[in-house]
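Residue numbers (numbering that gives the first Met the number 0), protein chains in the order written: chain D, 0 to 508; chain F, 0 to 262.
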Amino acid sequence: MSDKPEKLITDDGLRLDGRHADEIRPMKIEIGVLSRADGSCYLEWGRNKVLVGVFGPREAHPRRSQRADTAVIRYKYNMASFSVEDRARPGPSRRSIEISKVSREAFEPVIMAELFPKTAIDIFVEVLQADAGTRTAAINASSIALADAGIPMKGLVTSCAFGKVDGQIVLDLNKEEDNHGEADFPVAMTQDGEITLLQMDGNLTPDEIRKGFELVKKGCKEILEIQQAVLRKKFETPVEEPEAEVTEEAEESELEAVETEPSLEYAPEAALVEKIIEEAKEPEEELSEETVEACAVNEEAPECDKVEKIIKDAEAEVVEGEALKEVIEAEIKEKETEEEAFEDEAEFESAFEASFEEVPEPEELEESEFEENVSEDETEVEPEIKESADEEAQPEVETQLEEEKAEVEEESQLEQEIQPEEEVQSEEEVQPEEEVQSEEEEVQPEENDGTEEVVSKGTFESEPGIESEAESRKEALEQIVEEPEEECKGPWKVVKDPSESGSRGENDE
Amino acid sequence: MSEVIATLKKDYIYNLMIKGKRQDGRGFKDFRDIKLETNVISKAEGSAKVTLGDTQVLVGVKLQPGTPFPDSQDEGVIITNLELNPIASPEFEPGPPREEAIEMARVVDRGIREAGAIDIKKLCISVGESVWIIYIDVHVLNDDGNVIDASCLAAIAALMTTVVPNEQQGIGADVPLAMKEMPVGVTLAKIGSKLMVDPSLDEEAVCETKLTVVSSSDGSIAGMQKMGPAPFTEAEVLEAIDMACEKAAELRELYLEELVKKE
Chain D
0 MSDKPEKLIT DDGLRLDGRH ADEIRPMKIE IGVLSRADGS CYLEWGRNKV LVGVFGPREA
60 HPRRSQRADT AVIRYKYNMA SFSVEDRARP GPSRRSIEIS KVSREAFEPV IMAELFPKTA
120 IDIFVEVLQA DAGTRTAAIN ASSIALADAG IPMKGLVTSC AFGKVDGQIV LDLNKEEDNH
180 GEADFPVAMT QDGEITLLQM DGNLTPDEIR KGFELVKKGC KEILEIQQAV LRKKFETPVE
240 EPEAEVTEEA EESELEAVET EPSLEYAPEA ALVEKIIEEA KEPEEELSEE TVEACAVNEE
300 APECDKVEKI IKDAEAEVVE GEALKEVIEA EIKEKETEEE AFEDEAEFES AFEASFEEVP
360 EPEELEESEF EENVSEDETE VEPEIKESAD EEAQPEVETQ LEEEKAEVEE ESQLEQEIQP
420 EEEVQSEEEV QPEEEVQSEE EEVQPEENDG TEEVVSKGTF ESEPGIESEA ESRKEALEQI
480 VEEPEEECKG PWKVVKDPSE SGSRGENDE
Chain F
0 MSEVIATLKK DYIYNLMIKG KRQDGRGFKD FRDIKLETNV ISKAEGSAKV TLGDTQVLVG
60 VKLQPGTPFP DSQDEGVIIT NLELNPIASP EFEPGPPREE AIEMARVVDR GIREAGAIDI
120 KKLCISVGES VWIIYIDVHV LNDDGNVIDA SCLAAIAALM TTVVPNEQQG IGADVPLAMK
180 EMPVGVTLAK IGSKLMVDPS LDEEAVCETK LTVVSSSDGS IAGMQKMGPA PFTEAEVLEA
240 IDMACEKAAE LRELYLEELV KKE
């Protein structure tokens, strides 16, 4: 244990690792990492590294441990001897036994053990590297591993600690803060906000505890979003409607700029994020078409207001498009010859369609996006998308075209604006095929421009900045660690739940 | 410590709770009768026995010189152990401590440690080489529910009567152990939607979950632990904290302040 630094919280309210008081450390989750376990999860949270394997329901041994009416839940928390600075003695310690007990109790309310009488559900936690908050990290990982094992649960359990450092209530203590802080207060809660684990040591007043609860609820919510994203990525069956997905991304990136702001306040990398957002805004504006589509797609989404605004902008563009259409109309009759023009129109049309029709579920995006991230090769992904998109799009486009034609006549101004898009498309060379490009493809240009990083920007404006910051912050993290992080990012970034706040980005690291 | 309990009895207790009553006629905020004796074991440097209803807990404090931890070279060391003696219940078996015992020991320990009950700086014999190690051994003699509160009370009472055996080590005269704070643990059992203090054995078997709150004399919280499978809501936790602080203040005044006066 090192000597206590003079200040654990600087004058500007930042903590030693650059976080704000109400900010959790970056979390990264991998699912299904152990082939022999029924469910498994590897979780990194700050410098914590936790591996969880779940076995069961399986026959309970010894037999006298069986219960006739329910499964026995067994939770074993174990710290690797090398996980801490001074080598820990292997085997169960009094601490690990206590943690195992309270953690088991944290899951008992949610696991539907009564479905599996006479069996045992074993949760084994290995803490590979400890940096304060291992029990909460282990619980978060166990939630995922249990879900991975297909064990029926009423909901996920999320866990996060708050504490007092330099007299201030902060979320998710790191090792230094834990060592020198005045209190530590780990909490686990269900999705409904019921508290299934509660411990505390230190010195807190009831008022401070009230304040802490607010922080913890926020922290748990953020963690829950990460957990859900990871699970979605693994278990959601992709629906072949890429348009919606991409659109969502575009939408999110736009919306984030607006929505994220509150969360940015507490985010550690707030400054960076803001900067990034500003940068990002420019490209987004160019993409207005995409955004339009996205908005249209999510008409029902909570962000309707914002979307409407975007739609209005888009409509203006549409007018432009109509202008183009005049030119194009002639071509359209011939159809196949003038594909480029066709594409533009198709875009507008598809946007219109989207606005009129409800577009498919956003969730598919995860997979396709993920693929993009992984492969980094957009061209690979695109063909697939196109196929599906094309089939749907073409007939629709035709009908739309007819509708639009009437409108097109009105104005013929915005050709200029449209041109950039065309350029983009050509740059990408996405369109070997004649087919109308789906919304996805349109969006892709943006992503492609910046290469991978840009892609991640599209999904998360904050990421690049965060990454760099994170790197500087955590010198200790090996490259190996960082790489997996990127892989993981793919999944939850991608999940676009409109309700998610922009802060999710910070969590990912 | 989940005793086997008849479903009928469970229903009975539960239904009583709905009417705002308890099996033994107590209110939800009433402790059972508490009896506190100190200096019951003369061989120990400090000792106390608490009788809480029929629950009996004996705490002995022993001090021995030892080496300090490297990160706190001028501070004494506190080691707390809790034995669920087989004599206390047909449920308990000889052998290594069960997880309940470990958990309770650690809750008692955290309360004392985090509240700063003991002035551990005054337990240094020579910096970096020798300090007093305080062994707090909690023996549960009869388990009739709420062992944890009885243990917390007995432990702090035993510490308050502890004498540091300096003479034995040839380093001056014996002095009372320097105490700074009197943390008191109060456990709330949740039955249905109600919280009640000091659950009896039956109530412990019926209750879904318990929350132990250790509070200091200034009303701040030194430690908390949820024990049991069922969840709490945030409102329940906050309510429990208030109830626990209130009851802890009463216990402190009734029993521990008396000890201070005696001395």
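Even for Gly, the Cβ is constructed at its ideal location relative to N, Cα and C.
Since the model is a prediction, treat every value here as computed from it, not as a measurement.
What are the boundary residues of the alpha helix (DSSP H) that includes F:Leu15?
Within the second sequence, the letter at position 16 stands for residue 15 of chain F. Taken as a continuous stretch (DSSP letters only), the alpha helix (DSSP H) holding F:Leu15 covers 6 to 17.
Which value, in whole angstroms, describes the spacing of the CA atoms of D:Tyr76 and D:Glu125?
For the purposes of this step, residue 76 of chain D is taken as the residue at position 77 of the first sequence. For the purposes of this step, residue 125 of chain D is taken as the residue at position 126 of the first sequence. Between D:Tyr76 and D:Glu125, the C-alpha separation is close to 6 Å.
Would you mind stating whether D:Gln128 and D:Lys48 have Cβ atoms separated by less than 7 Å?
The residue given as residue 128 of chain D occupies position 129 in the first sequence. The residue given as residue 48 of chain D occupies position 49 in the first sequence. Yes. Within cutoff.
Through-space distance from D:Glu235 to D:Leu413, alpha-carbon basis
Within the first sequence, numbered from 1, the residue matching residue 413 of chain D stands at position 414. Within the first sequence, numbered from 1, the residue matching residue 235 of chain D stands at position 236. Because the pLDDT at D:Leu413 is just 46, under 50, the model does not fix this residue reliably, and the value given afterwards should be weighed accordingly. If you take the alpha carbons of D:Leu413 and D:Glu235, they lie about 41 Å apart.
Grouping DSSP H, G and I as helix and E and B as strand, with all else coil, what is D:Gln65?
Position 66 of the first sequence holds residue 65 of chain D. D:Gln65: coil per DSSP, three-state reduction.
Is D:Arg231 helix, strand or coil when you go by DSSP?
Working through the first sequence from its first residue, we reach residue 231 of chain D at position 232. If DSSP states are grouped into helix, strand and coil, D:Arg231 belongs with the helices.
The stretch 192 to 203 of chain D: which residues have C-beta closer than 9 Å to a C-beta of chain F, in chain order?
Gly192, Glu193, Ile194, Thr195, Leu196, Leu197, Gln198, Met199, Asp200, Gly201, Asn202, Leu203
Does D:Arg93 get closer than 7 Å to chain F when you measure Cβ to Cβ?
Taking the first sequence and counting its residues from 1, one reaches residue 93 of chain D at position 94. With 7 Å as the cut-off, D:Arg93 counts as an interface residue toward chain F.
Could one say the Cβ of D:Glu97 lies closer than 7 Å to chain F's Cβ atoms, at least one of them?
If you number the first sequence from 1, residue 97 of chain D lands on position 98. Cβ-Cβ to chain F under 7 Å: yes for D:Glu97.
Using 10 angstroms around the beta-carbon of D:Arg35, count the other beta-carbons present and answer buried if the total reaches 16, otherwise exposed.
Here residue 35 of chain D corresponds to residue number 36 of the first sequence, with the count starting at 1. Under this definition D:Arg35 is an exposed residue.
Assign D:Asp121 to one of two classes, buried (16 or more other C-beta atoms within 10 Å of its C-beta) or exposed (fewer than that).
If you number the first sequence from 1, residue 121 of chain D lands on position 122. Buried is the call here.
F:Arg105: contacting residues in chain D (beta-carbon distance under 8 Å):
Indexing the second sequence from 1 puts residue 105 of chain F at position 106. Neighbours of F:Arg105 on chain D, chain order: Arg93, Arg94, Glu97.
Measure the alpha-carbon distance for F:Ser192 versus D:Lys153 and round it to whole angstroms.
On the second sequence, position 193 is the one that residue 192 of chain F refers to. On the first sequence, position 154 is the one that residue 153 of chain D refers to. Each residue's Cα considered, the two are about 20 Å apart.
The alpha helix (DSSP H) enclosing F:Ile155, as first and last residue numbers:
Counted from its first residue, the second sequence places residue 155 of chain F at position 156. Per DSSP, F:Ile155 belongs to the alpha helix (DSSP H) from 146 to 159.
Going along the chain, which unbroken runs of the alpha helix (DSSP H) with 4 or more residues stay wholly within the stretch 168 to 242 of chain D?
174 to 179, 205 to 234
Quick test of the definition: if touching needs 3 or more C-beta pairs under 8 Å, does the stretch 19 to 36 of chain F touch the stretch 117 to 128 of chain F?
no
Reduced DSSP category for F:Met103 - H, G, I as helix; E, B as strand; rest coil
Along the second sequence, read from residue 1 onward, the residue named residue 103 of chain F stands at position 104. In this structure, F:Met103 counts as helix in the three-state DSSP scheme.
Validate contact between the stretch 14 to 27 of chain D and the stretch 168 to 175 of chain D using beta carbons, cut 8 Å, 3 pairs
yes
Below 8 Å, how does it come out for the stretch 144 to 164 of chain F and the stretch 96 to 115 of chain F: are there three or more Cβ pairs, yes or no?
yes
Tell me which same chain residues have a C-beta within less than 7 Å of the C-beta of F:Ile86, skipping the five on either side of it?
To locate residue 86 of chain F, count along the second sequence from 1; it is residue 87. Here the set comprises Leu140.
So, helix, strand or coil for D:Cys40, using DSSP?
Position 41 of the first sequence holds residue 40 of chain D. Three-state result, D:Cys40: strand.
F:Glu166 versus F:Thr79, F:Leu62, F:Ile135, F:Pro67, residue with shortest Cα-Cα distance
Here residue 166 of chain F corresponds to residue number 167 of the second sequence, with the count starting at 1. For the residues F:Thr79, F:Leu62, F:Ile135, F:Pro67, the minimum Cα distance to F:Glu166 belongs to F:Leu62.
Under three-state DSSP, which class holds F:Asp241?
Working through the second sequence from its first residue, we reach residue 241 of chain F at position 242. If DSSP states are grouped into helix, strand and coil, F:Asp241 belongs with the helices.
Residues in its own chain within less than 6 Å of F:Val56 by CB, not counting five upstream and five downstream?
Within the second sequence, residue 56 of chain F is the residue found at index 57, counting from 1. Within the same chain, F:Val56 has close Cβ partners Val49, Val139, Ala149, Ser150, Ala153.
Given this structure, state the Cα-to-Cα distance separating F:Asn14 from F:Glu202, to the nearest angstrom.
The count along the second sequence starts at 1 and reaches residue 14 of chain F at position 15. The count along the second sequence starts at 1 and reaches residue 202 of chain F at position 203. Their Cα atoms are separated by approximately 12 Å.
D:Pro89 versus F:Pro164: straight-line alpha-carbon distance, rounded
Residue 89 of chain D sits at position 90 when you count from the first residue of the first sequence. Residue 164 of chain F sits at position 165 when you count from the first residue of the second sequence. Their Cα atoms are separated by approximately 35 Å.
Can you check whether the C-beta of F:Gln224 is within less than 7 Å of a C-beta belonging to chain D?
To locate residue 224 of chain F, count along the second sequence from 1; it is residue 225. With 7 Å as the cut-off, F:Gln224 counts as an interface residue toward chain D.
Looking at F:Val205 and F:Ile40, is the spacing between their C-beta atoms short of 7 Å?
By 1-based counting over the second sequence, the position of residue 40 of chain F is 41. By 1-based counting over the second sequence, the position of residue 205 of chain F is 206. No, they are not a contact pair.
Along the chain, where does the alpha helix (DSSP H) that runs through D:Asn509 open and close?
No answer is possible for residue 509 of chain D: it lies beyond the span of chain D, which begins at 0 and ends at 508.
Minimum Cβ-Cβ distance from F:Pro230 to chain D less than 7 Å:
Taking the first residue of the second sequence as position 1, residue 230 of chain F is located at position 231. Output row for F:Pro230: interface = yes.
Cα-Cα separation between D:Val109 and F:Phe30, rounded to whole angstroms
On the first sequence, position 110 is the one that residue 109 of chain D refers to. On the second sequence, position 31 is the one that residue 30 of chain F refers to. Straight-line Cα distance between these residues: approximately 32 Å.
Hey, out of D:Gly211, D:Gln198, D:Asp11, D:Ile23, whose CA is closest to D:Lys100's CA?
Locating residue 100 of chain D in the first sequence gives position 101, where the first residue counts as 1. D:Lys100 has its Cα closest to that of D:Gln198, out of D:Gly211, D:Gln198, D:Asp11, D:Ile23.
Chain F residues whose Cβ lies nearer than 7 Å to that of D:Phe54:
On the first sequence, position 55 is the one that residue 54 of chain D refers to. None at all; the shortest Cβ gap to chain F is about 20 Å.
D:Gln128 in three-state terms, based on DSSP
As a working note, residue 128 of chain D is residue 129 in the first sequence. Note: D:Gln128 maps to strand in three-state DSSP.
Is there a Cβ from chain F that is less than 7 Å from the Cβ of D:Phe123?
Locating residue 123 of chain D in the first sequence gives position 124, where the first residue counts as 1. No, D:Phe123 does not count as interfacial toward chain F.
Would a check of beta-carbon distances place D:Pro108 closer than 7 Å to chain F?
Counting from 1 along the first sequence, the entry for residue 108 of chain D is found at position 109. Cβ-Cβ to chain F under 7 Å: yes for D:Pro108.
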